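> Residue numbers (full-length UniProt numbering): 1 to 358.
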Amino acid sequence: MSLIISNIALHFLTKKEETGEVVLRLGPESIEISNKIENFVDGLHKIYNAKASKAYGHFTTMPAAGDAARFIDIMESYLGDSQSFYAFSSQAANLLKNELEKYNLAETGYLVVCHYEYMGGRYLLATVIPVSEHYSVDGELNISADKHLDTARMQLAARIDLFDYKENQQGNKYVSFIKGRAGRVVSDFFLDFLGCEEGLNSKEQTQTLVQAVEDYVAVNQLDATEKQNTRKELLSYCKEQKSAAQDVSIQEIGQVIKQEGATQDFHQFCQEQSYPLEESFPHDQTVVNKVTKYSGYGNGISLSFERSHFGEDVIYNAANDSITIYKVPPNLKDQLLALLQTADKQEQEAHQSENTEF
1 MSLIISNIAL HFLTKKEETG EVVLRLGPES IEISNKIENF VDGLHKIYNA
51 KASKAYGHFT TMPAAGDAAR FIDIMESYLG DSQSFYAFSS QAANLLKNEL
101 EKYNLAETGY LVVCHYEYMG GRYLLATVIP VSEHYSVDGE LNISADKHLD
151 TARMQLAARI DLFDYKENQQ GNKYVSFIKG RAGRVVSDFF LDFLGCEEGL
201 NSKEQTQTLV QAVEDYVAVN QLDATEKQNT RKELLSYCKE QKSAAQDVSI
251 QEIGQVIKQE GATQDFHQFC QEQSYPLEES FPHDQTVVNK VTKYSGYGNG
301 ISLSFERSHF GEDVIYNAAN DSITIYKVPP NLKDQLLALL QTADKQEQEA
351 HQSENTEF
């Protein structure tokens with residue numbers, strides 16, 4: 001396994017229904033790093049990487065209110081060996097408790113704080129994992145209920161890239177966090193807990209990258225096949241980087257989409273055209289997925305096709321807002337023919353029924 005755990009802590013936060021008071025129960029002072037723990041953290045790492053709705057930011061320079069320590073302060077105390085990991089995680093749990101009470105949210109569960117390495121990267125992960133109930137049946141067919149950590153529902157989570165943080169503290173993307181589906185308040189709450197603010201906009205950066213690639217293939221006058229191959233190479237590279245939890249690099253993309261006969265390198269092209277792009281950044285895969293395909297859904301119709309078919313096998317008429325498709329996919333054609341046969345049969349039966357009545 002490529003994952004190495006330095007420290008991990010587990011604490012529990014719950015809320016009293018009668019009073020709304022948040023109760024914090026601290027976990028054990030030391031957790032043995034067993035195979036189960038390694039598999040658990042490896043699973044969290046993969047789930048976090050797979051989350052599409054992530055944003056990026058950095059610690060704020062704003063001082064804490066009153067005498068309270070900020071997350072960055074207690075984290076630095078731990079990283080600088082001024083206090084133990086357990087002391088750091090306990091203080092972090094209390095910070096989270098205070099934020100929950102301030103926002104009056106019901107986002108409770110188990111707080112997992114983990115310092116680990118993966119594929120040469122060093123990370124600090126903080127996540128609140130909700131608790132769900134499950135049922136089991138024994139040999140006598142007795143049903144019993146129990147509770148488990150529902151990692152699939154992990155929505156409150158943030159990860160600090162410790163290498164990036166140490167090397168580039170003026171940067172704007174060393175903290176990543178999941179954008180909560182429950183609304184902006186949830187994201188704000190977790191950012192306040194960490195003392196962070198949003199920085200790099202991953203979606204905007206990726207949209208600019210895609211546009212830069214389109215401009216690049218146009219300037220170099222690539223034919224339709226070469227353009228589509230270039231888009232596919234970009235998509236493949238970005239997928240590989242996403243699965244490895246690595247940033248995309250403009251220089252690397254230049255090597256990936258390099259075409260024979262191109263007048264200039266992609267990296268040089270981006271610099272000359274002054275695109276507002278970072279040299280490397282965590283990309284938004286949902287944006288890149290659209291570079292080779294057009295797709296849409298509405299009014300019960302779902303349509304998707306490769307860009308290379310547009311204008312040839314797929315024709316759009318803007319005047320009457322219609323699409324004509326040539327070379328219908330075989331599986332769809334079979335369904336349509338079967339539908340027509342059924343309709344013809346029903347029509348014949350209806351005619352026979354009318355003739356019988358006369």
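Backbone N, C-alpha and C fix where the C-beta goes; we use that ideal spot for every residue, glycine too. Keep in mind it's a predicted model, so treat the numbers as computed, not measured.
Once DSSP output is grouped into helix, strand and coil, what is the label at HIS351?
Looking at HIS351 - three-state DSSP - the assignment turns out to be helix.
> Which of the three DSSP states, helix, strand or coil, is assigned to ILE323?
DSSP places ILE323 in strand when its eight states are reduced to three.
> Under the rule that 16 or more other beta-carbon atoms within 10 Å means buried, what is ASP138, buried or exposed?
Label assigned to ASP138: exposed.
> At 4 residues or longer, and completely inside the stretch 186-225: list those alpha helix (DSSP H) runs for me, N to C.
Within the stretch 186-225, the complete alpha helix (DSSP H) runs of at least 4 residues are 202-219.
> Ignore the nearest five residues each way along the sequence and tell me which others in PHE190's own chain have a CB closer than 7 angstroms to its CB.
Result list for PHE190: LEU156, ALA158 and PHE177, in chain order.
> Tell me whether GLN268 counts as near the ligand FAD, meaning its Cβ is closer than 7 angstroms to at least one heavy atom of that ligand.
Ligands displayed in this structure: none; no statement on the ligand FAD is therefore possible.
> Expressed to the nearest angstrom, what Euclidean distance is found between the alpha-carbon atoms of VAL219 and GLN228?
Each residue's alpha carbon lies about 15 angstroms from the other.
> Going along the chain, which unbroken runs of the beta strand (DSSP E) with 3 or more residues stay wholly within the stretch 238-299?
Qualifying beta strand (DSSP E) stretches, in chain order: 293-298.
> Residue 361: buried (16+ other C-beta within 10 angstroms of its C-beta) or exposed?
An answer regarding residue 361 cannot be provided, because it is not within the stretch 1 to 358 covered by the chain.
> Which one of GLU306, ILE315 and ALA126 has the shortest CA to CA distance from MET75?
The shortest Cα separation from MET75 among GLU306, ILE315 and ALA126 belongs to ALA126.
> Relative to the C-alpha of LEU209, which candidate in VAL175, LYS242 and CYS270 has its C-alpha closest?
Of the listed residues, the one whose Cα sits closest to LEU209 is CYS270.
> So is GLY298 buried or exposed if we call it buried at 16+ other beta carbons inside 10 Å?
Result: exposed.
> What's the gap between the Cα of CYS238 and the Cα of GLU279?
Cα-Cα distance, rounded: 15 angstroms.
> Kindly give me the distance between the Cβ atoms of LYS173 and PHE281, rounded to whole angstroms, as I take these residues to be in contact under 8 angstroms.
Right, their Cβ atoms sit about 7 angstroms apart.
> Have a look at VAL328 and LYS345 and give me their C-alpha separation to the nearest angstrom.
If I take the Cα positions, the gap works out to 24 angstroms.
> Relative to the C-alpha of MET119, which residue among ASP161, LEU277 and ALA52 is closest?
If we check each option's Cα against that of MET119, ASP161 comes out closest.
> Measuring alpha carbon to alpha carbon, tell me which residue in LEU111, ASP81, GLU17 and GLY20 is nearest PRO28.
For the residues LEU111, ASP81, GLU17 and GLY20, the minimum Cα distance to PRO28 belongs to LEU111.
> Take LEU339 and list the residues in its own chain whose beta-carbon comes closer than 6 angstroms to its own, dropping the five residues that flank it on each side.
For LEU339, where only same-chain residues beyond five positions count, there are no Cβ hits under 6 angstroms.
> Go to TYR86, then tell me how far its alpha helix (DSSP H) extends in each direction, as first and last residue.
Looking at the DSSP string, the run of the alpha helix (DSSP H) that includes TYR86 is 85-103.
> State the CB to CB distance for the pair TYR56 and LEU200, rounded to an integer number of angstroms; the pair is presumed to be in contact (CB under 8 angstroms).
The pair is a contact, with the Cβ atoms about 5 angstroms apart (cut-off 8 angstroms).
> If I follow the unbroken alpha helix (DSSP H) through GLU76, where does it start and stop?
It spans 71-79 - the alpha helix (DSSP H) in which GLU76 sits, taken as one unbroken run.
> Measure the alpha-carbon distance for TYR135 versus ASP150 and round it to whole angstroms.
Roughly 14 angstroms separates the two Cα atoms.
> Using DSSP with H/G/I as helix, E/B as strand and the rest coil, what is LEU3?
Strand, per DSSP.
> What's the gap between the Cα of GLU101 and the Cα of LEU95?
About 10 angstroms.
> Thinking C-alpha only, which one of TYR165, GLU117, GLN352 and LEU222 is nearest SER2?
Out of TYR165, GLU117, GLN352 and LEU222, GLU117 has the C-alpha closest to the C-alpha of SER2.
> Per DSSP, which residues does THR14 bridge with? Please list them.
In DSSP, THR14 forms a bridge with VAL23.
> Is ILE160 helix, strand or coil by DSSP?
Three-state DSSP puts ILE160 in a strand.
> If you draw a straight line from the C-alpha of LEU124 to the C-alpha of LYS46, how long is it?
Looking at the two C-alpha atoms, the distance is approximately 14 angstroms.
> Please classify GLU107: is it buried, with 16 or more other beta-carbons within 10 angstroms of its beta-carbon, or exposed?
GLU107 should be labelled buried.
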